[in-house]
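First up is the structure itself, then whatever we jot down about it.
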Amino acid sequence: MWWGTWGMIAIEGTVFALTIATYFYLRGQGTQWPIAEPPPDLLWGTLNVLVFLASAVPNQAAKRAAERYDLAGARRATLGCAALGMVLLILRVFEFRHLNCRWDTDAYGSVVWALLGFHTAHLLTDWLDTAVLGVMLCTGPIEGKRYVDVSENAMYWYFVLASWLPIYGVIYWVPRLPPVLSP
Numbered sequence: 000m001w002w003g004t005w006g007m008i009a010i011e012g013t014v015f016a017l018t019i020a021t022y023f024y025l026r027g028q029g030t031q032w033p034i035a036e037p038p039p040d041l042l043w044g045t046l047n048v049l050v051f052l053a054s055a056v057p058n059q060a061a062k063r064a065a066e067r068y069d070l071a072g073a074r075r076a077t078l079g080c081a082a083l084g085m086v087l088l089i090l091r092v093f094e095f096r097h098l099n100c101r102w103d104t105d106a107y108g109s110v111v112w113a114l115l116g117f118h119t120a121h122l123l124t125d126w127l128d129t130a131v132l133g134v135m136l137c138t139g140p141i142e143g144k145r146y147v148d149v150s151e152n153a154m155y156w157y158f159v160l161a162s163w164l165p166i167y168g169v170i171y172w173v174p175r176l177p178p179v180l181s182p
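In C-alpha cells form, the structure reads like this:
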C-alpha cells in the first residue's frame, strides 16, 4: 500500500538525516576532518551516482507499464532495474574499499561507514525486492496486485536513488571543503 511505503520512506529518511547530522556534529567538534585520512576516492561514488541516475529510466518505464497493465513492459523494465541494481551493488564493494578509512579507527570512519552501510542495506533490500518481483512477473501467476507491487517498488527505488545524492555529497565532497573554524 502506498501509505505504508511512504511511512517506511519517512522513517528511513529520518535515519539518514540523523546520521548526516551526526557527521556534521562530529566534523564541528574536531580541528581536522577527515581526522587522519585523505578524503575518499571520487571514482566509485561518482560512478554510482551515474548508474543511479540511469536506473531512473527503467524504473519509470516499469511504473508506467504497471499503470497500463502492460505485462511485457513491466517485466522488461523491472528486470532492467534489477540488472542496474546489481551493477550498483558491485560498485558499492569498490566504494567501501576506497573510502580511505576503517569503521573502527575514529569517529570519521565510524560515521562514514555507518552512512554508507545504511544506504547499502537499503540498496540491497530493494534490489532483492526488485529481483524477486522480476522473477514473479516472469513466472506468474499475474494478478492485479502485482502491478501495484511494481508501482510501489518504483516509488521506493526513487527514494533509494534520491537519498544517495546528499549522502554522496556528504561522504565524497564535504571532506574536501575547508575546515570549519570554531570560536
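The numbers in numbering that gives the first Met the number 0 rise by one with no breaks, and the one at position 77 of the sequence shown is 76. We put the CB at the ideal spot given by N, CA and C, even for glycine.
- For V110, same chain residues with a beta-carbon under 8 Å away, outside a window of 5 residues either side, are T18, T21, Y22 and L25 in chain order.
- Short of 7 Å from the beta carbon of L90, and not among the five residues preceding or following it, lie these beta carbons of its own chain, in chain order: W43, L46, N47 and V50.
- Straight across, the Cα-Cα distance linking E94 with T124 is about 18 Å.
- Within its own chain, the residues whose Cβ lies closer than 6 Å to the Cβ of M154, once the five positions on either side in sequence are excluded, are T4, listed in chain order.
- Contact fails between the segment 71-79 and the segment 156-172, because fewer than three Cβ pairs, one in each stretch, are under 8 Å apart.
- When the Cα atoms are used, G72 and I141 turn out to be separated by approximately 14 Å.
- Nearest C-alpha to M7 among P174, H121 and A64: H121.
- Its chain contains A55 and N58 as the residues whose beta carbon lies nearer than 8 Å to that of Y157, once the 5 sequence neighbours on both sides are disregarded; these appear in chain order.
- Boundaries cannot be given for I170, as no alpha helix (DSSP H) includes it and DSSP labels it neither H nor E.
- Exclusion of the five residues before and after Y68 leaves Y146 as the residues of its chain whose Cβ lies within less than 7 Å of its Cβ.
- With contacts defined as CB atoms closer than 9 Å, I170 and L87 fail to qualify as a contacting pair.
- For Q59, the secondary structure class from DSSP, reduced to helix, strand or coil, is helix.
- For A35, no alpha helix (DSSP H) segment is defined, and its DSSP state is neither H nor E.
- When the five nearest sequence neighbours on each side are left out, the beta carbons in the same chain lying within less than 7 Å of the beta carbon of F117 are those of V14, F15 and T18, in order along the chain.
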